[in-house]
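Worksheet: one structure, shown below.
There are 2 protein chains.
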Amino acid sequence: MSMPAKAVLLVHGGAGVINPGSMSEALESRYKNKLGDALVAGHKVLKAGGTSLDAVVAAIKVLEDSPLFNAGKGAVLTRDKRIELDAAIMDGASLQAGAVGAITNVKNPITAARAVMEHTEHVMLIGKGAEVFLRNIAKKIGLTLVEPDYFVTARRLEQLEDALAREVERFDSTRSHKGLKLRKRRRAVGFDENKFGTVGAVALDEAGNLAAATSTGGITAKRYGRVGDSPLIGSGTYADNDTCAVSCTGHGEYFIRHVASYDVCARMKYLGEPVSKAVQKVISSLGKAGGDGGMIALDRKGNAVMSFNTSGMFRGAITEDGEVSVAIYCD
Amino acid sequence: MSMPAKAVLLVHGGAGVINPGSMSEALESRYKNKLGDALVAGHKVLKAGGTSLDAVVAAIKVLEDSPLFNAGKGAVLTRDKRIELDAAIMDGASLQAGAVGAITNVKNPITAARAVMEHTEHVMLIGKGAEVFLRNIAKKIGLTLVEPDYFVTARRLEQLEDALAREVERFDSTRSHKGLKLRKRRRAVGFDENKFGTVGAVALDEAGNLAAATSTGGITAKRYGRVGDSPLIGSGTYADNDTCAVSCTGHGEYFIRHVASYDVCARMKYLGEPVSKAVQKVISSLGKAGGDGGMIALDRKGNAVMSFNTSGMFRGAITEDGEVSVAIYCD
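Line order of the protein sequences matches chains A and B. Residue 321 in the working numbering sits at position 321 of the first sequence, and the numbers go up by one each step. Add 331 to a position in the second sequence, counting from 1, and you land on the number used in the working numbering.
Okay, structure coming up:
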């Protein structure tokens, strides 16, 4: 898709193996419609004079509430059939930031990240401790609490079972018929939902302030309290009015080692690169290193970039005037 | 202290309010001796042909085992008298990295971070999940497990009680005599141990490879699973053979928002700045933003920088030839 002249909000819903023809047209439409809904929700906030922070939260909430994406409702499951949700948000005007790791009790994890930013002196809270804070403050600031099973969907349970079966298969030198069938099924699908599906948004408001936000369930069958790049400021999420706002998706470990989102900002700041070139360079280095994924970025002039080194990325943009464009595969 | 010609290992033991005359000479000596011990331990590894990773681990273990510093034995306590330890390590040759957050069961958290780097496909594991992984792998790789109470010291219990008393005092409009006494005692000391004391090391080995490592107990009376910059790759810890190895200490939230350790590398890479200038620029911006602290950095030529915007930083360096220099206050 060609980039809109002056974008004010971009969203992504994950990058990965998504080959044309691998999904039914109906499913493609559902993804595209939901990305559109998120863009419209965020745009409405901006048009009403809301901040870029308000807009990214509004957009992300739509994606978190949809079971299509790997964030909030419909997040992938850990090995023991639980969910552990990560999210981060950053304000490009103040460099204030908030993040949560491995939480299970807030309906919209992005609102939990914002609560950390706005109601603590900290940037990152994790696990049970974070949940205590969120429970304590929920009523005061209007956070919606849920029981962990709210997030669990049949589709993700099935994916987990498949993932665990594939592991057994890999360790099983006898190679059962079942294993072969599983492999075939996976190859035929051409759309690996297990690893990817993080959601993100970047926005520019009328005051010229940028914001970035990312929310994820991590990777299917994860264990041991694994944290990816999404909630790490500078890795999966960064915003600075002097450069741009960035949200990433993909193989998180590579985005951490390469400090991917801040690296885009550093290239703009120190090399004077435009946002498009900075993003292309970072995505290309990540690809060379083996780091599959993509990112969306927006500068203060509304220059938008949505780049990925995989076969597809769920993504969309909306202009100042409300013109929506969404896409899944390579142009 | 003047910088040695070709340093191969630097350590820090935290930066903060440390005014000359605020400690007894005996206590100063204990700190300096322990920094020296850490340098000698790491140097021994390098001289025997060990890697920079081996050297930073050897040095950090000495500091973690000492109750003087806020890492490992002697770490500061959470509000409910527990400890939650964070650590990270990074290999400048491969950009491989490992980190743990909020763990309580490994004697030397830096060895836990290294286990994540070398024995998982992940970068960061946190909380109970991380502890399960560490317990499972301990025997195989020789990790020393401990009960959480191993880390608790009388000195940190007293600090916690003082910190909680000061909070009560702040909320107590009647201003009791006890409160005034506490304030006076604190002012007289001129050495605020509550916030700082993270330990870190950077090293350069004979093969020309850099490594960085950081370990901390966080901040006294912390709650809600707060994670600071130490275990976050790019914030408190970073190493890249193309630029330098960095370990930070200070008010972690600022180091996160400014992606402090990677920013040093970015300035070297994109602006061509020498390590000394890059560090000064980053420490100076952090100071202007209100972010107290410091960092140590080492490039592949053995150029060493130890910089801070506070009144002191426990620090030391050792050269190729084994010449040790340690310092606490400003030069």
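No residue lacks a Cβ here, since even glycine has one placed at the ideal position from N, Cα and C.
| query | result |
| --- | --- |
| Could you name the residues of the same chain whose beta carbon sits closer than 6 angstroms to that of Asp-536 of chain B, not counting the 5 residues immediately before and after it, in chain order? | Leu-377, Thr-382, Ser-383 |
| Count the other CB atoms within 10 Å of the CB of Pro-352 of chain A; is the residue buried (16 or more) or exposed (fewer)? | Because chain A spans 1 through 331 in this model, residue 352 of chain A falls outside it and cannot be assessed. |
| What is the residue span of the beta strand (DSSP E) that Cys-596 of chain B lies within? | From DSSP, Cys-596 of chain B is part of no beta strand (DSSP E) but of the alpha helix (DSSP H) over 591-597. |
| With a CB to CB cut of under 8 angstroms and the five nearest residues on each side skipped, what residues in its chain are close to Ala-339 of chain A? | The structure shown does not extend to residue 339 of chain A, since chain A is modelled only from 1 to 331, so the question has no answer here. |
| In whole angstroms, what separates the C-alpha of Ala-419 of chain B from that of Pro-562 of chain B? | 5 angstroms |
| Taking only the alpha-carbon atoms, compute the straight-line gap between Pro-67 of chain A and Lys-61 of chain A and give it to the nearest angstrom. | 12 angstroms |
| Would you call the CB atoms of Met-306 of chain A and Arg-315 of chain A closer than 9 angstroms? | yes |
| Which residue comes first and which comes last in the beta strand (DSSP E) that contains Ala-543 of chain B? | 541-547 |
| For Met-23 of chain A, which of helix, strand or coil comes out of DSSP? | coil |
| Using three-state DSSP, classify Phe-69 of chain A as helix, strand or coil. | coil |
| If the cut is a Cβ gap below 8 angstroms, which residues of chain B does Leu-125 of chain A touch? | Tyr-555, Gly-556, Arg-557, Val-558 |
| Considering Ala-102 of chain A, what are the terminal residues of the beta strand (DSSP E) in which it resides? | 97-103 |
| Under a Cβ-count criterion, where at least 16 other Cβ atoms within 10 Å of its own Cβ denotes burial, should Leu-160 of chain A be classed as buried or exposed? | buried |
| How would you write the range of the alpha helix (DSSP H) that Ile-141 of chain A sits in, first residue to last? | 127-141 |
| Using only CA atoms, which one of B:Thr-451, B:Lys-375, B:Gly-380 lies nearest to Lys-222 of chain A? | B:Thr-451 |
| Can you name the residues of chain B whose CB is closer than 8 angstroms to the CB of Glu-121 of chain A? | Glu-584 |
| Please confirm whether Ala-336 of chain B and Ala-544 of chain B have their CB atoms less than 9 angstroms apart. | no |
| Determine the contact status of Gly-373 of chain B and Ala-570 of chain B, defining contact as a CB-CB distance below 9 angstroms. | no |
| Would you call the stretch 614-626 of chain B and the stretch 583-596 of chain B touching, i.e. three or more CB-CB distances under 8 angstroms? | yes |
| Hey, Gly-423 of chain B and Cys-575 of chain B: beta-carbon distance below 9 angstroms or not? | yes |
| In chain B, which residues lie less than 8 angstroms from Leu-95 of chain A when you measure between Cβ atoms? | Arg-588, His-589, Ala-620 |
| Can a CB atom of chain A be found closer than 9 angstroms to the CB of Arg-445 of chain B? | no |
| For the stretch 273-331 of chain A, which segments carrying the beta strand (DSSP E) assignment without a break, of at least 3 residues, lie completely within its bounds, in sequence order? | 293-299, 304-308, 312-319, 324-329 |
| Out of A:Tyr-224, A:Leu-9, A:His-258, A:Gly-250, which one is the CA nearest neighbour of Ser-566 of chain B? | A:His-258 |
| Under a three-way DSSP split, which group does Val-407 of chain B fall into? | coil |
| Would you mind reading off the limits of the beta strand (DSSP E) that contains Tyr-237 of chain A? | Reading off the sequence shown, one finds Thr at residue 237 of chain A, where the question assumed Tyr. Segment 237-239, the beta strand (DSSP E) holding Thr-237 of chain A. |
| Which residues in the same chain as Gly-208 of chain A place their Cβ atom closer than 6 angstroms to its Cβ, once the five residues preceding and following it in sequence are excluded? | Arg-300 |
| For Leu-125 of chain A, I'd like the list of residues in its chain whose CB is within less than 7 angstroms of its CB, leaving aside the five on either flank, ordered along the chain. | Val-100, Val-116, Phe-133 |
| According to DSSP, which residues form a beta bridge with Val-246 of chain A? | A:Tyr-238, A:Ala-297 |
| With distances taken from CA atoms, which of B:Glu-498, B:Ala-635, B:Gly-528 is nearest Val-348 of chain B? | B:Gly-528 |
| Using a cut-off of 8 angstroms between C-beta atoms, extract the partners of Val-577 of chain B located in chain A. | Those within 8 angstroms of Val-577 of chain B in chain A number zero; the least Cβ separation is about 12 angstroms. |
| For Thr-484 of chain B and Val-56 of chain A, I'd like the C-alpha separation in whole angstroms. | 45 angstroms |
| What residue from A:Asn-303, A:Gly-250, A:Ser-311 has the CA that sits closest to Val-8 of chain A's CA? | A:Asn-303 |
| Can you find a CB in chain B that lies within less than 9 angstroms of the CB of Met-90 of chain A? | yes |
| Identify the contact partners of Arg-267 of chain A in chain B, using a Cβ-Cβ distance below 7 angstroms as the criterion. | Tyr-601 |
| Can you list, in chain order, the residues of its chain with a C-beta nearer than 6 angstroms to that of Asn-640 of chain B? Leave out the 5 residues immediately preceding and following it. | Ile-614, Gly-618 |
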